[in-house]
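Asker:
Number of protein chains: 2
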Amino acid sequence: MGIMEKLFGKQERVNVDEYEELDLSEFEAELEGDSETYIKVAEITSLNEIPEVRRQVYDGNIVIADVAFLKHDKLTLDRVLKDLRQLAEDVHGDIVGLGEDYVIITPMGIKIDRNKIRGTRR
Amino acid sequence: MGIMEKLFGKQERVNVDEYEELDLSEFEAELEGDSETYIKVAEITSLNEIPEVRRQVYDGNIVIADVAFLKHDKLTLDRVLKDLRQLAEDVHGDIVGLGEDYVIITPMGIKIDRNKIRGTRR
Chain D
1 MGIMEKLFGK QERVNVDEYE ELDLSEFEAE LEGDSETYIK VAEITSLNEI
51 PEVRRQVYDG NIVIADVAFL KHDKLTLDRV LKDLRQLAED VHGDIVGLGE
101 DYVIITPMGI KIDRNKIRGT RR
Chain E
1 MGIMEKLFGK QERVNVDEYE ELDLSEFEAE LEGDSETYIK VAEITSLNEI
51 PEVRRQVYDG NIVIADVAFL KHDKLTLDRV LKDLRQLAED VHGDIVGLGE
101 DYVIITPMGI KIDRNKIRGT RR
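So the protein sequences, as listed, match chains D and E.
Under our numbering, the residue at position 2 of the first sequence is numbered 2, and the numbers go up by one with no gaps.
Under our numbering, the residue at position 43 of the second sequence is numbered 43, and the numbers go up by one with no gaps.
1. Once DSSP output is grouped into helix, strand and coil, what is the label at D:ASP113?
2. Between E:ILE95 and E:LEU77, is the Cβ-Cβ spacing less than 8 Å?
3. Residues of the segment 44-55 of chain D with a CB closer than 7 Å to any CB of chain E: list them in chain order, please.
4. With a threshold of 7 Å, establish whether the CB of D:VAL91 neighbours any heavy atom of the ligand GDP.
5. I'd like the list of long-range same chain contacts for D:PRO107, defined as Cβ closer than 6 Å, with 5 residues on each side in sequence excluded.
6. Going along the chain, which residues of its own chain have a beta-carbon closer than 8 Å to the beta-carbon of D:VAL67, five neighbours each way excluded?
7. Candidates D:ARG118, D:LYS111, D:ILE39 and D:LEU47: which alpha carbon is nearest D:ASP73's?
8. How many angstroms separate the CA atom of E:ILE110 from the CA atom of D:ARG114?
9. Find the nearest neighbour of D:GLU89 within the set D:LEU98, D:ILE105 and D:GLY97, judged by alpha-carbon distance.
10. For D:LYS71, does the count of other Cβ atoms within 10 angstroms reach 16, so buried, or fall short, so exposed?
11. Is there at least one Cβ from chain D nearer than 8 Å to E:ASP113's Cβ?
Okay, here's the thing in structure tokens:
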């Protein structure tokens, strides 16, 4: 995992909320709990993961679905993408492919910008 | 772009907000405007993209930074990741690597779950 190593190196994993969590982690969990939005990564290997993805998006969370495992199972991939499209439509969210392996599904109120941030390249 | 083709096929691109936008797009733009959260994908080819990434995250948006272009420029990659870590810390957001090519940076109030959604495989 090259990027993870780069991000977290030889040191302990950097937790940007370390300071708060030392004192308030449990309290915060009770206080904010479900009101916080999460990004969840789902490894889609079959249709079995779809119900949990659906639950997460209905709960207001963003799911990044890794469909790389289905690249050679076109039938399942088609069905999974159909279900994810329907899910995004049901919650008035958004859905976009990211590279070759990922699909981003968002809940209501979160949209995916189709324009990439790009500098001038060379 | 395999996934994009799968997602959007031969038909017109699916816009899950089509219904609302037919009637309310401009009105909504004024009404909700900046209050909506966006996911933006940034192609990081140098340090030039960092200020725009910073602006987006400070505005409350999520950025998925594609650092694949920097894989063979370790020096720039290290600097970019250092800057992105600092950015996530500054806004009390979160940062995690996604696969080999991507880094997710979130604003305050949005966290990234380290546990993947996984079904039983095989």
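Note that beta-carbon positions come from the ideal geometry of N, C-alpha and C, so glycine has one too.
Answerer: Taking the geometry as given:
1. coil
2. no
3. THR45, SER46, ASN48, GLU49, GLU52 and VAL53
4. Of ligands this structure carries none, so the ligand GDP is not represented either.
5. VAL57, GLY60, VAL91 and GLY93
6. ILE44, LEU77, VAL80, LEU81, ASP101, TYR102 and VAL103
7. D:LEU47
8. 21 Å
9. D:ILE105
10. exposed
11. yes
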